[in-house]
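Here's the structure we're looking at; comments come further down.
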Amino acid sequence: MKKILLISDIHIPTRSTYLQLEKIDYSKYDYIIASGDFIEEEVIFYFKAQSPEFIGVYGNADYYDVKYSLPEKRIINIEGKKIGIIHGHQAGWGDPERLIKRFSNIDIMIYGHTHRPDDRIINNIRCINPGAFCENSYAILEIGSDEVSLKFQKI
């Protein structure tokens, strides 16, 4: 069983601070999956300095150096599940039905941009938005060989 911190729309320094990030106990996680809008590249360095493996994509509000250092989308494999990660601005206001068309053969899609927590199944793909960290939302995803569980959290 792998425990994953899902985080999006961090918006440091424009809408949140590192003090909010420091409220998370990163030692509990195997991975950090971040779906964009860090704003500053230093936020990426902060995540990379934590013990879990950091996996991220850039968002529409990110500065150029963030967009240069991270991909627009990616697919990873955790515990046999193919996970697509994208910010969401590529499909208007983060429409998951349009976003899943940007991937092929995935089991789970992680996205952000809307600032609204969401968890739904579309075409047999579990679509998860952890909400906006700048509005105190994030999520915990646990993936095992036979099960996937999700818990939305508030700071």
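In terms of UniProt numbering, the sequence shown is numbered consecutively and its last residue is 155. For each residue, glycine too, the CB sits at the ideal point set by N, CA and C.
According to the neighbour-count rule (16 or more other Cβ atoms, all chains shown, within 10 Å of its Cβ), is residue i buried or exposed?
| i | result |
| --- | --- |
| residue 71 | exposed |
| residue 146 | exposed |
| residue 139 | buried |
| residue 129 | buried |
| residue 155 | exposed |
| residue 178 | Outside the shown range of the chain, which is 1 to 155, sits residue 178, and nothing can be said about it. |
| residue 122 | exposed |
Looking only at C-alpha atoms, which of the options sits nearest to residue i?
| i | options | result |
| --- | --- | --- |
| residue 173 | 107, 45, 137, 142 | In this structure the chain extends from 1 to 155, so residue 173 is not present and cannot be described. |
| residue 93 | 59, 121, 140 | 59 |
| residue 28 | 114, 107, 2 | 2 |
| residue 12 | 44, 4, 30 | 44 |
| residue 106 | 126, 21, 132 | 126 |
| residue 91 | 102, 19, 35, 82 | 102 |
| residue 69 | 112, 36, 124 | 36 |
| residue 85 | 110, 100, 97 | 110 |
| residue 50 | 61, 64, 25 | 25 |
Can you name the start and end residues of the alpha helix (DSSP H) that residue i belongs to?
| i | result |
| --- | --- |
| residue 96 | 96-99 |
| residue 65 | 64-69 |
| residue 46 | 41-48 |
| residue 18 | 18-21 |
With a CB to CB cut of under 6 angstroms and the five nearest residues on each side skipped, what residues in its chain are close to residue i?
| i | result |
| --- | --- |
| residue 66 | 38, 41, 58 |
| residue 32 | 5, 47, 52, 54 |
| residue 143 | 2, 78, 79, 81 |
| residue 124 | none |
| residue 98 | 91 |
Residue range of the beta strand (DSSP E) that residue i falls in?
| i | result |
| --- | --- |
| residue 148 | 148-154 |
| residue 133 | Unbroken run through residue 133: none, as it is neither H nor E. |
| residue 54 | 53-56 |
| residue 156 | Outside the modelled stretch of the chain, which goes from 1 to 155, sits residue 156, for which no answer is possible. |
| residue 74 | 73-78 |
| residue 120 | 117-122 |
| residue 91 | Element bounds for residue 91: n/a, residue is neither H nor E. |
| residue 3 | 2-7 |
| residue 28 | Element bounds for residue 28: n/a, residue is neither H nor E. |
| residue 10 | That residue, residue 10, is in no beta strand (DSSP E); it is neither H nor E in DSSP. |
Near residue i, what residues of its chain come up, given a Cβ to Cβ distance below 7 angstroms and the 5 sequence neighbours on each side ignored?
| i | result |
| --- | --- |
| residue 134 | 9, 10, 11, 15, 16 |
| residue 21 | 46 |
Determine, using beta carbons only, whether residue i comes closer than 7 angstroms to chain B.
| i | result |
| --- | --- |
| residue 112 | Protein chain content of the structure displayed is limited to a single chain, and chain B is not contained in it. |
Here's a check: name, in chain order, each residue in its chain whose Cβ is nearer than 8 angstroms to the Cβ of residue i, leaving out the five neighbours to either side.
| i | result |
| --- | --- |
| residue 153 | 137, 138, 139, 140 |
| residue 75 | 82, 83, 84, 85, 103, 106 |
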